[in-house]
Amino acid sequence: MLVVLAGPVCGELTGSYSVVVDGNGTAVVTLVVTGLGTVNVPLPLDVKTPAVRDALYVKVKNGVDVSVDAGGQSTIVYRTSLLTFTNGGSTLFRMELPKFDSANVVLYVPEYAEVLETDPNAAISHVGLSKSIVWTVKPSQYPSVEAEYAVQKGVERPVDDSMLYAVLAVVAALFVTVSASYLILRKSWGG
Amino acid sequence: MKALKTTLIILAVSFVFLLFIVWMLPYLRLLRPLPGEVNVAGMDAMVRKQCMTSGNEAFCEEFQRQMDETDPQTRRIITRLKDLGIRARIADAVVERGIARWRQERMFDVVVSDRQLVDVIQSLLGQDLGDDTFRGEIAQMSMRFKGMLYDVLVNGTKSEKSEEEQHIRFYLASKAGNYRKPFILDVDDIRGLIQKGGNVTLCGQMEYYVC
């Protein structure tokens, strides 16, 4: 009885994650839950209310509990910026998995990304405009999945506006200085 | 003498422009944030400010709990956040999760019967739940889920009740109408949506699009 009260029932449930990450690290996560029972889905802290289809849900302290009925398939979609961390030239992706019996995670990174490392080991494929990293794991063994990838410099990188303005200001200042110097020097040479 | 004079003028002009650049740097966000962005130094600073300005200790405590329960990488992301939109979303989520935590603790040992939950849902929707399919579904829900759902429907705020009511109505309608269909993911489409900056949601509970 205590076990039932302490945690959600999560038997015969499988989860299939599709995570699409853009060049800035923002991700749209789609989770399809198949099976029967109640599962706790931890959500990143910047997700207030996920979109849940074909299941009842309640908000809990770490995300949502989702109740999937017999033979059902439920979809949960949310957008988050907290799954990726940029460190130097590479991006680290880490996602905690619910306690499914088995989980399939497909991480779609930009096409121009170079995958450096995955934990646990993952398959890598290239479909359409995306490169994807694929895990099939048992969350009891691997409660989270991680990947590190690098985005090639100069390819679809967002321009830092402040740096652009700074460079423009310096160039403008140099131009004015050189022009003024030239005019003064020409005058002095001419005189 | 003339060459010295010219050199001095050039140096003076260069110095003036150097001063101009140094003066401009703060406004180019290279040395310090603009006055309106003084607080852009990560979530910790925001929490400190919230605690100081509003005295909302409950918020600060819940935020700290959430941070304690977060893995180190995510914690590092949160404490370095500069995007005010994301920080605002986090603040909203912290408030909601604080309420959920309080509800979980309060309902921990409260047993809600299937009958109680069915009655409150029928009362909320103003209609009979009909066949036994949904009743059977309630029967297989975990105790925690039933307790939390019941508490939201009975003791929740107006917006919580409204949100849950809408969701249950949609859920039952889609079950009854057999609207369910497999979710088809179009990665390139979603990537386009992200770049447009809109919210991706299951509007109408049927498809995703920007709202």
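These protein sequence lines map, in sequence, to chains V and F. Quick note: the first sequence, position 34, residue 34 per the numbering used here, numbers continuous. Quick note: the second sequence, position 134, residue 134 per the numbering used here, numbers continuous. A virtual CB, placed ideally from N, CA and C, is assigned to each residue, including glycine.
Residue-chain proximity (residue i, chain V), Cβ-Cβ < 8 Å
i        : result
F/ARG135 : no
F/THR6   : yes
F/GLN127 : no
F/PHE59  : no
F/ASP114 : no
F/SER162 : no
F/ASP119 : no
F/GLN166 : no
F/VAL152 : yes
F/GLN66  : yes
F/ARG169 : no
Proximity test, Cβ basis, 8 Å: residue i and chain F
i        : result
V/ARG186 : no
V/PHE100 : no
V/LYS138 : no
V/THR177 : yes
V/LEU183 : no
V/ARG157 : With a pLDDT of 42 at V/ARG157, under the threshold of 50, the modelled position of that residue is not reliable, and the figure given next carries that caveat. Closer than 8 Å: no.
V/THR34  : no
V/ASP65  : yes
V/VAL171 : no
V/VAL105 : no
V/ALA180 : yes
V/LEU82  : yes
V/ASP119 : no
Per-residue contacts from residue i into chain F (C-beta, under 7 Å)
i        : result
V/TYR108 : VAL187
V/SER125 : Residues of chain F passing the Cβ test: none, with the nearest at roughly 12 Å.
Close-in-space but distant-in-sequence residues of the same chain around residue i (CB under 6 Å, 5 per side omitted)
i        : result
V/VAL106 : SER18, SER132, VAL134
V/SER102 : THR14, LYS138
V/SER125 : SER132
V/ALA122 : ILE133, VAL134, TRP135
V/TYR78  : VAL29, VAL47, PRO50
F/PHE145 : none
V/VAL20  : VAL28, TYR108
V/GLU12  : GLY35, LEU36
F/VAL110 : GLY147
F/PRO72  : none
Chain-order list of residues whose beta-carbon lies under 7 Å from that of residue i (same chain, five-residue window excluded)
i        : result
F/ARG29  : With a pLDDT of 48 at F/ARG29, under the threshold of 50, the predicted position of this residue should be treated as unreliable, though the coordinate-derived value follows. Nothing listed; no residue qualifies.
F/VAL118 : LEU129, ARG135, ILE138
V/VAL60  : ASN40
F/GLN122 : ASP128, LEU129
F/GLY85  : none
V/SER90  : LEU116, GLU148, TYR149, ALA150
F/TYR150 : VAL112, GLN116, LEU117, VAL120
Beta-carbon neighbours of residue i, restricted to chain V and to distances below 7 Å
i        : result
F/THR157 : By Cβ distance, chain V contributes nothing, its closest Cβ being about 12 Å from F/THR157, past 7 Å.
F/SER174 : ASP54
F/SER14  : THR177
F/GLU96  : LYS48, LYS59
F/ARG79  : In the sequence as presented, Arg is not what sits at residue 79 of chain F; that position holds Thr. Correct list: empty, because the minimum Cβ distance to chain V is about 11 Å.
F/ARG101 : LYS61
Beta-carbon separation (whole angstroms), residue i vs residue j, contact threshold 8 Å
i        : j        : result
V/LEU31  : F/THR70  : Contact flag wrong, Cβ pair sits at about 19 Å.
F/LEU153 : F/LYS161 : 6 Å
V/VAL41  : V/ALA55  : About 10 Å separates the two Cβ atoms, so there is no contact after all.
V/LYS48  : F/GLU96  : 6 Å
V/PHE85  : F/ARG76  : 6 Å
F/LEU124 : F/GLU165 : 5 Å
V/ALA150 : V/LEU83  : Their Cβ separation, rounded to whole angstroms, is 17 Å, which puts V/ALA150 and V/LEU83 out of contact at 8 Å.
V/PRO143 : V/LEU97  : 6 Å
Interface residues of chain F facing residue i [CB-CB closer than 8 Å]
i        : result
V/VAL47  : ARG89, ALA93
V/THR38  : MET141, SER142, ARG144, PHE145
V/VAL115 : The contacting residues do not exist; V/VAL115 stays about 16 Å from chain F at best.
Contact list for residue i against chain V, beta-carbon separation under 8 Å
i        : result
F/LEU149 : LEU56, VAL58
F/GLN104 : VAL60, LYS61
F/THR70  : LEU45
F/GLN73  : PHE85, LEU92, ARG94
(message) To be precise: take each residue of the segment 86-98 of chain V, compare its Cβ to all Cβ atoms of chain F, and keep it if any distance is under 8 Å. Which residues remain?
(response) From the segment 86-98 of chain V, only LEU92, ARG94, GLU96 have a Cβ closer than 8 Å to chain F.
(request) Scan the segment 21-33 of chain V for residues whose Cβ lies nearer than 7 Å to a Cβ of chain F and list them as they occur along the chain. (result) ASP22, THR26, VAL28, THR30, VAL32
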